[in-house]
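Report on one structure; see the data block that follows.
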Amino acid sequence: MSVERSSQLLKGVLDMCLLAIIAEEPSYGYEMVRKLHERGLSLASEGSIYPLLSRLQRQELIEGYLVASTEGPRRKYYRILPDGDERLATWKAEWQELTEGVNRVLNGGARVDR
Amino acid sequence: MSTDRTVTEIVADCERYWLQTRVPRKTADEMRTELEQHLLEATSEGKSPSTVVGPDIATFAEAWASEQRDRSGQLPSWQDVKSGNSERRRNARYALLAYVLIVAAITALGFVVGKGDEAMDFEVWRWVWTILAVVMLIGEMFTAGFFLLPFGIGAGAAALLAWFETGLAVQWITFFAVSIISLLYVRRFVHHQDDFEPTPVASNRFLHAKAIVLETIDPHAGSGMVRMESEEWRATSDGEVIEAGSEVRVERITGSRLVVARDETT
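So the sequence lines, in the order shown, correspond to chains A and B. Just so you know, the first sequence maps onto residues 893 to 1006 in the numbering used here. Just so you know, the second sequence maps onto residues 2 to 267 in the numbering used here.
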């Protein structure tokens, strides 16, 4: 897949990925980028995650808190809030449905009504 | 260390932009801490700070800030903040307000003092105003900024009324009104003086100039190098991949990179 297309597709789901990472354990920005890259999303641009984290915070899905560091400035960690857990479950279900639909279209299958 | 300086510069530029575009100070402080920590961690792993902020630092700073503002309205651009234009405009507004308050205070004081002194007749006020006008106009010739000229014009108008034996209150009100109106009129010229473009310095001297691509410009990969006259510069584009050997034109400068576009004139 071309770099540009991958970036566009990722742009639409990056907030969901960040929420999923934070749901696993509280993380700070750079750590999240590293985790995204480790899991194959190397195109996640570092500059794009902070606006998304701010948005998730404004929507009260996550909250940030500062932790003193022995090296360098304090780190801002993010942890998930109850509304964030709910939203992540909804997003996961929607993503599942979307990818199944896309796969069926790409592979020529028919929809199975449940 | 040059990397530390670059991190510091980026953080300082972003923070200045956030504060001047109405991001609350507390939030900007937190964002600064977060960005600084991220850049330091990235550089300690061998990444360049520009990889973190992307090819266009203005877009990076704005994307982050836009999530933090509660109010809408016109905001200064990144270039405005970088060049200090927005700060100059804000200072000019404060200076205008201070000027109006000073003139109002002088008017009120002069009116009260003059009113209490019934002995001062029109003859005296004629000379007070005339001398004040002359002193202000001469003073204006030796100072910069058109600060005294409006006072001089106001005093001249009041002197004229004194010659026609108009009441003292009217003289002072005229002094106040004419001084303020003159000030607003004179400021237009001061503003026009500021409109002249400063001589470009540093990398700005390359704005709108032609360059040759030495290394293919790929904003997604963060690569790209051009040659300007005898100097080589890192370059990026607004999304377009531009092959080595192409002729390009410099659109703007972000940080230490030239943002270029294909030169359609060739």
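Think of the CB as a built atom: it goes at the ideal place given N, C-alpha and C, for glycine as much as any other residue.
1. Kindly provide the ranges of any alpha helix (DSSP H) runs that are 4 or more residues long and lie completely inside the region 936 to 985 of chain A, ordered along the chain.
2. Rounded to whole angstroms, what's the CA-CA distance from Phe-197/B to Leu-958/A? Just pull it up for me.
3. DSSP state of Leu-990/A, grouped into three classes?
4. Using a beta-carbon distance cut-off of less than 7 Å, what residues from the region 918 to 929 of chain A approach chain C?
5. Short of 8 Å Cβ to Cβ, which residues in the region 66 to 96 of chain B face chain A?
6. I'd like to know whether the C-beta atoms of Val-104/B and Leu-184/B end up nearer to each other than 9 Å.
7. Output yes or no for whether 9 Å exceeds the beta carbon distance between Leu-953/A and Ile-972/A.
8. Please report whether the beta-carbon of Lys-968/A lies at a distance below 9 Å from any beta-carbon of chain B.
9. Going straight from the alpha carbon of Thr-7/B to that of Glu-88/B, what length do you get?
10. Interface residues of chain A around Gly-47/B at Cβ under 8 Å?
11. Of all Cβ atoms in chain A, is any one closer than 9 Å to the Cβ of Glu-35/B?
12. Taking 9 Å as the cut-off, decide whether the C-beta atoms of Ser-45/B and Gly-223/B are in contact.
13. Using the Cβ count rule (16 or more neighbours within 10 Å means buried), how would you classify Pro-25/B?
14. Who are the Cβ neighbours of Glu-252/B in its own chain at under 7 Å, not counting the five residues just before and after it?
15. So is Leu-20/B in contact with chain A if we call contact Cβ pairs under 9 Å?
16. Run the CB neighbour count on Phe-207/B, radius 10 Å, all protein chains shown included, and call it buried at 16 or more, exposed below.
17. So is Thr-144/B buried or exposed if we call it buried at 16+ other beta carbons inside 10 Å?
18. Could you give the distance in angstroms between the alpha-carbon of Lys-903/A and the alpha-carbon of Ser-231/B?
19. Can you name the residues that DSSP bridges to Arg-228/B?
20. Alpha carbon to alpha carbon, what distance is there between Arg-90/B and Gln-172/B?
21. Residues bridged to Ala-262/B by DSSP?
22. Kindly indicate which three-state DSSP category Ser-238/B falls into: helix, strand or coil?
23. Check this for me: beta carbons of Ala-212/B and Arg-228/B, under 9 Å apart or not?
24. Cβ of Tyr-920/A within 9 Å of Cβ of Tyr-970/A?
25. Could you tell me the boundaries of the alpha helix (DSSP H) in which Lys-903/A lies?
26. Reducing DSSP to helix, strand and coil, say where Ser-78/B ends up.
27. Applying the criterion that 16 or more other CB atoms from any shown protein chain within 10 Å of the CB defines a buried residue, is Gln-988/A buried or exposed?
28. For the alpha helix (DSSP H) that contains Gln-38/B, what are its first and last residues?
29. Along the chain, where does the alpha helix (DSSP H) containing Gly-140/B start, and where does it finish?
30. Excluding the five sequence neighbours on either side, which residues of its own chain have a C-beta within less than 7 Å of the C-beta of Gln-1009/A, listed in chain order?
31. Using the Cα positions of Arg-23/B and Ile-174/B, report the straight-line distance between them to the nearest angstrom.
32. Can you check DSSP and say which residues form a bridge with Ser-919/A?
Looking at the coordinates:
1. 938 to 950
2. At Phe-197/B, the pLDDT of 46 sits below 50, so the modelled position is not reliable and the matter cannot be decided from this model.
3. helix
4. Absence of chain C from the displayed structure is noted, the protein chains being A and B.
5. If the cut-off is 8 Å between Cβ atoms, the region 66 to 96 of chain B has Ser-67, Glu-68 and Gln-69 near chain A.
6. yes
7. yes
8. yes
9. For Thr-7/B and Glu-88/B, the distance between alpha carbons rounds to 23 Å.
10. Per Cβ cutoff of 8 Å: no residues; Gly-47/B is ~13 Å from chain A at best.
11. yes
12. Not in contact: Ser-45/B and Gly-223/B (Cβ atoms no closer than 9 Å).
13. exposed
14. Val-260, Val-261 and Ala-262
15. no
16. buried
17. exposed
18. Annotation: Lys-903/A to Ser-231/B spans about 40 Å, alpha carbon to alpha carbon.
19. Ile-213/B and Glu-233/B
20. 33 Å
21. Partner residues in the beta bridge of Ala-262/B, as assigned by DSSP, are Arg-250/B.
22. coil
23. yes
24. yes
25. 895 to 916
26. coil
27. exposed
28. 26 to 45
29. 123 to 143
30. The structure shown has nothing for residue 1009/A, since chain A only spans 893 to 1006.
31. 38 Å
32. Tyr-970/A
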